[in-house]
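Colleague:
In this note's numbering, the protein residues as written are 4 to 242.
1. May I have the straight-line CA-CA distance separating residue 143 from residue 167, to the nearest angstrom?
2. Less than 7 Å between C-beta atoms, sequence neighbours within five positions excluded: which residues of the same chain meet that for residue 115?
3. Using 10 angstroms around the beta-carbon of residue 58, count the other beta-carbons present and answer buried if the total reaches 16, otherwise exposed.
4. So, do the region 122-131 and the region 154-168 have three or more beta carbon pairs nearer to each other than 8 Å?
5. Would you tell me roughly how many angstroms separate the C-alpha atoms of residue 173 and residue 165, rounded to the nearest one?
6. By how many angstroms is the C-alpha of residue 225 removed from the C-alpha of residue 203?
7. Only counting the same chain, and skipping five residues up and downstream in sequence, which positions put a Cβ closer than 6 Å to that of residue 187?
8. Quick one: give me the first and last residue of the beta strand (DSSP E) that residue 246 is part of.
9. Which residues in the same chain as residue 82 place their Cβ atom closer than 8 Å to its Cβ, once the five residues preceding and following it in sequence are excluded?
10. Taking the alpha-carbon positions, what's the residue 50 to residue 28 distance?
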């Protein structure tokens, strides 16, 4: 485990409540939430390679170095939905950047796990991890999270909300939502974190209580800084 996969140690060091809820599998390459081990086993997801090669889900996005998928699995309690993000071995430019110290040496899957832990510690709502894995030498990695059931992106929510802007009480609801988003981001920055892709589509809400249910997804591009100031708190508009 210490040679190939340090995530469980990191969980313990962070004193996170997640530690006891996970089990290490596949000779230390795979970390799975205990409640999902049997479901994943039944679905043929028992090793790091299984998660990295499965095609049993809907592909949501694909690039040279990563793939995002939506996976539905049937359990005794009903259908469970997960989102899988696979990161493949970086190309020559990515390896060169790592070698020069420009790019993080931590795998993308592990980095997103670490970022989720930082948010949980700051009591900021975010995704729940179902599984995470890392291959030898960080050549490949993945993270699988549970669906935010009952949520929709703030981007989609606002389209419907603005269409009803003339209804009574909508102005007050809009003000409450603006304050809630500002409070969430202020708390994020106050905890020393910057999300460099802070688009509306990465903020999620429950339609029945948008101001009281903010959550955030896609945490690979969160940076942890000692102090957030100046342009560090701005998203990178060019990306």
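Using N, Cα and C, we set each Cβ at its ideal position, and we do this for glycine too. Nothing here was measured: the structure is a model prediction, and the numbers come from that model.
Modeller: This is what the structure holds:
1. Taking the Cα positions, residue 143 is about 46 Å away from residue 167.
2. Excluding sequence neighbours, residue 115 sits near 146, 222, 223.
3. With fewer than 16 neighbouring CB atoms inside 10 Å of its own CB, residue 58 falls in the exposed class.
4. Touching, no, given that fewer than three Cβ pairs across the two stretches are closer than 8 Å.
5. Going from the Cα of residue 173 to the Cα of residue 165 covers about 9 Å.
6. About 15 Å.
7. Result list for residue 187: 217, in chain order.
8. Any answer about residue 246 is impossible in this case: the structure gives the chain only from 4 up to 242.
9. Within the same chain, residue 82 has close Cβ partners 75, 76.
10. Going by the C-alpha atoms only, they are around 7 Å apart.
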